[in-house]
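Read the structure below first, then the notes.
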Amino acid sequence: MIVIPAERQAHLDLLAGSFEQLSNQPWPVWHEPALAFLTDLGKALMKPALAAKLPDVVTLAYWLRAANLQQLKAKASADVRVGLGLVVHICPANVPVNFAFSLAFALLAGNSSVLRLSSKPSPSTDLIVQHIQQLLATPTHEALRSRLLLLRYAHDDVITAALLAQADGRMIWGGDATIAHMRQFKTPSRSREVAFADRYSLALLSPTAVLALDDAGLARLAQQLFNDVLLLDQAACSSPQLFVWLHAAADSPSLDLQSPSPQTLVSHAANPQTASEPSSAVAKAQQRLWPALAAVARDRSALSAIGQMNKWVDAFDAVLTHPEIRQVHTEHGSAAGLLTRVALARLPDAPEQLRGYFGTLIEIELPSLAPLAAVVNERYQTLCYFGVEPLQLQQWLLASQLRGIDRIVPVGNAIDMGLFWDGYDLLSSLSRVIEIR
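Letter by letter, the sequence shown follows residues 1 to 437 in this note's numbering.
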C-alpha cells in the first residue's frame, strides 16, 4: 500500500493499478509472472493497426518479444538477486514510450512500480496504457495488479514528496533540471537512484566506406540513419547531433591519439580551404549519403510548420553564437526542409552546446579522433559508427581515459533501448544481490 495525502488524491489521474493493493515486496529478478506480462504486452502492441503508425510502439513491442527477453535472461548473472521493493519513476516527455521501457526494467529486476507519466498528449502512451489496463483486468495477470501503478498529475511537490518518501528506488528521466528538483525530496536511507541526465551523442562516418556502397547498401544506410535521426526527431539523448567524417590522408580512418604537430596546425590555419572545406572524398560521400537520407525522409516523415520554424530559429541562433559554423543549408531535394546541414569549419571547445532537432546534421571532417578526445566529457552518451572497427573505437576510448561515451553502436542502433543504458547496468542497479555461501 502507498499513502498519498487525502487532500491531494483528487489531483491525481489514476490510469492503472490501485493505491490500496500496491505491494513493496520484492520478486526475484526475471520472475516468470513479470516475463509473461511483458511478453503479452508486446504481443498486444503488435496487433492494432494504429501501431503501424507509431514506430516507437513497434520498437517497444519488438523488444518485449519472448525470444528477446529469454535471450537477455540467458546472458544474466547467476547471482541470487531480488528487487529493491518499490521503484518510483519520473517519466520523460521527450520520448513518451520510454515510460514502458522504464516499467519493464523495474519489473524484470523484481520491483513494484509507481510511474508518473507525462501530461503531454501522446498517442503512443495512450495505446500502451490501454493495453496495460486490459492485461491487468485478466485473471492471467492478476499478480501484476499489486505490482504497478500508473498515474498523471500536474507538478505537485506534495504528491511527489509522498511518493519518493516510500521509494526503495527511483528512476528519474527528464534531464538535469528534473534530477536537481527530485533530489530535494527525502528518500529512505537505502533507496537507490538511477538518473538520466542531459546527454549528447554523435556519429562517426568513414567516407571511404560510404563511397564503397552499392545502391542497395546506400539505401540500407539511409534507412538506418533515418531511424537514428528522424524516428524520434532527435529528441532522444542517444540520437546523434554531431556527424564526424573521419578521413585520413591514407584514405582510411585513423585512430591516432596524438595531437597534430604545431607545424600541422600552422599549415591548416594558413590554408582556409583546408580548415573549412571538406576533402574531395568527404564531399563525394556527402553528395551520395544525404540525398539518399532525404529521399527516405520524404517517404517516412513529415515536419510541422512549428517544427520547421523552431529548427530554423535554432540554426540562425547557432550561427550568431558559434563562429565555428561555416555554412547552413537545407539538403537539396529534402521536402519541407526535413534535412538541415550545419557545416563546421573547426571543432568547437564544447560541441555539446550545438544541438539540433527534426533532422539537423551538424558536420565536421577530422583527420583522426585526437580532436574528439580533447572535447568529450561526461555529457557524451552514444557514439554511432559506420565504416570503422568497433574494437578500434574501444581501444581509443580506453586509451584516452574519456569521462564520457557509454555506448558504441553501429549506425541504426542509436535509439535501441537495452538493459545497459547511460552507463548503468539497470537490472543490477534496481536489484540487490543475496550472498549465499
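Each residue gets a CB set at the ideal place from its N, CA and C atoms; glycine is no exception.
Sequence-distant residues of the same chain with beta carbon closer than 8 Å to K284, five excluded per side: P207, L211
Grab the span of the beta strand (DSSP E) containing I364 for me, first residue to last. Its beta strand (DSSP E) spans residues 360–366.
Taking only the alpha-carbon atoms, compute the straight-line gap between I306 and E32 and give it to the nearest angstrom. Spanning the two alpha carbons is a distance of roughly 46 Å.
Can you tell me whether D157 is buried or exposed? The criterion is at least 16 other CB atoms within 10 Å of its CB, across all chains shown. Classified as exposed, D157 has fewer than 16 neighbouring CB atoms from the shown chains inside 10 Å of its CB.
Classification of L354 by the beta-carbon crowding that lies within 10 angstroms, buried from 16 upward: buried
Close-in-space but distant-in-sequence residues of the same chain around Y200 (CB under 7 Å, 5 per side omitted): Q241, E352, R379, Y380, Q381
Span separating the alpha-carbon of A297 from that of Q184: 43 Å
Could you check whether Y62 and D233 sit closer than 9 Å to each other, using their CB atoms as the reference points? no
In the stretch 390–418, which residue ranges form an unbroken beta strand (DSSP E) of at least 3 residues, counting only runs that do not cross its ends? 407–410
Please list, in chain order, all residues of the same chain as V282 whose beta carbon is under 7 Å from its beta carbon, the five residues on each side excluded. P207, W245, H247, E365
Mind checking which residues open and close the beta strand (DSSP E) that includes R81? Its beta strand (DSSP E) spans residues 81–83.
Do the CB positions of S124 and V97 come within less than 9 Å of each other? In terms of Cβ geometry, S124 and V97 form a close pair [threshold 9 Å].
Whole-angstrom distance between L393 and N94, CA atom to CA atom: 29 Å
Opposing strand residues paired with V194 [DSSP bridges]: M171
Buried or exposed: G169, going by 16 or more other Cβ atoms within 10 Å of its Cβ? buried
Taking buried to mean at least 16 other C-beta atoms within 10 Å of its own C-beta, is R403 buried or exposed? exposed
What's the gap between the Cα of V409 and the Cα of L372? Each residue's Cα considered, the two are about 17 Å apart.
Ignoring anything shorter than 3 residues or poking outside the stretch 39–111, list the beta strand (DSSP E) runs there in chain order. 81–83, 86–90
From K311, A350, L339, S301, pick the residue whose C-alpha is nearest to that of E324; which is it? A350
What residue from L84, K47, K43 has the CA that sits closest to A67's CA? The alpha carbon of A67 has as its nearest neighbour, out of L84, K47, K43, the alpha carbon of K43.
Are V82 and I436 touching if we call contact CB-CB under 9 Å? In this structure, V82 keeps its C-beta atom at 9 Å or more from the C-beta atom of I436.
Identify the continuous beta strand (DSSP E) that holds Q381 and give its terminal residues. 380–386
Between L204 and S191, what straight-line distance do the alpha-carbon atoms span, to the nearest angstrom? Near 38 Å, if we compare the C-alpha coordinates of S191 and L204.
Distance check for G359 and A222, CA to CA, integer angstroms please. 13 Å
Classification of Q166 by the beta-carbon crowding that lies within 10 angstroms, buried from 16 upward: buried
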